[in-house]
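Working notes, structure below.
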Amino acid sequence: MEKCTFCVQRIEEKKIHARNEGRPIKDGEIQTACQQSCPANAIIFGDMTDLASMVNENKKNGRDYLLLEELNTKPAVSYLAKVSNREETKEEH
Numbered sequence: 084m085e086k087c088t089f090c091v092q093r094i095e096e097k098k099i100h101a102r103n104e105g106r107p108i109k110d111g112e113i114q115t116a117c118q119q120s121c122p123a124n125a126i127i128f129g130d131m132t133d134l135a136s137m138v139n140e141n142k143k144n145g146r147d148y149l150l151l152e153e154l155n156t157k158p159a160v161s162y163l164a165k166v167s168n169r170e171e172t173k174e175e176h
């Protein structure tokens with residue numbers, strides 16, 4: 084078992100490739116190893132400064148939380164809470 088490096092080698096490879104082509108990195112272009120191998124597509128990696136990115140879209144749904152946020156650690160990794168026992172709605176399907 085190795086410590087997670089957030090696949091820095093993959094990030095650097097895509098940065099160099101995009102720089103050589105004279106373009107910015109596209110949202111979703113970089114995939115970490117765990118993201119690539121996750122069958123449920125439960126891992127999203129992206130640019131938090133890009134307001135239109137998939138990462139920010141997922142943060143808007145209200146289920147995200149940060150570990151130890153109350154200690155002002157400013158974590159870069161957020162998690163989505165599991166949804167259970169939803170309130171029943173009167174809407175028909």
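Every position in the sequence shown, counted from 1, becomes a number in the numbering used here once 83 is added.
Ideal placement from N, C-alpha and C gives every residue a C-beta, glycine not left out.
Considering only residues of the same chain and omitting the five flanking positions on each side of Tyr162, which have a CB-CB separation below 8 Å? Locating residue 162 in the sequence shown gives position 79, counting from the first residue. Same-chain partners within the cutoff: Asp147, Tyr148, Leu149 and Leu150.
When you compare only the Cα positions, how much space is there between Pro107 and Ala101? As a first step, residue 107 is located in the sequence shown; it is residue number 24 there, counting from the start. As a first step, residue 101 is located in the sequence shown; it is residue number 18 there, counting from the start. Distance from the CA of Pro107 to the CA of Ala101, rounded to the nearest whole angstrom, comes to 6 Å.
Backbone secondary structure at Leu151 - three-state DSSP: Counting from one through the sequence shown, the residue named residue 151 turns up at place 68. Looking at Leu151 - three-state DSSP - the assignment turns out to be coil, as it is neither helix nor strand.
Could you tell me whether the Cβ atoms of Met137 and Ile126 are closer together than 7 Å? Numbered from its first residue, the sequence shown carries residue 137 at position 54. Numbered from its first residue, the sequence shown carries residue 126 at position 43. Taking C-beta atoms as the reference points, Met137 and Ile126 fail to come closer than 7 Å.
Which residue from Glu153, Asn168, Ile113 and Ala135 puts its Cα closest to that of Glu95? Taking the first residue of the sequence shown as 1, we reach residue 95 at position 12. When each option's Cα is compared against that of Glu95, the closest is Ile113.
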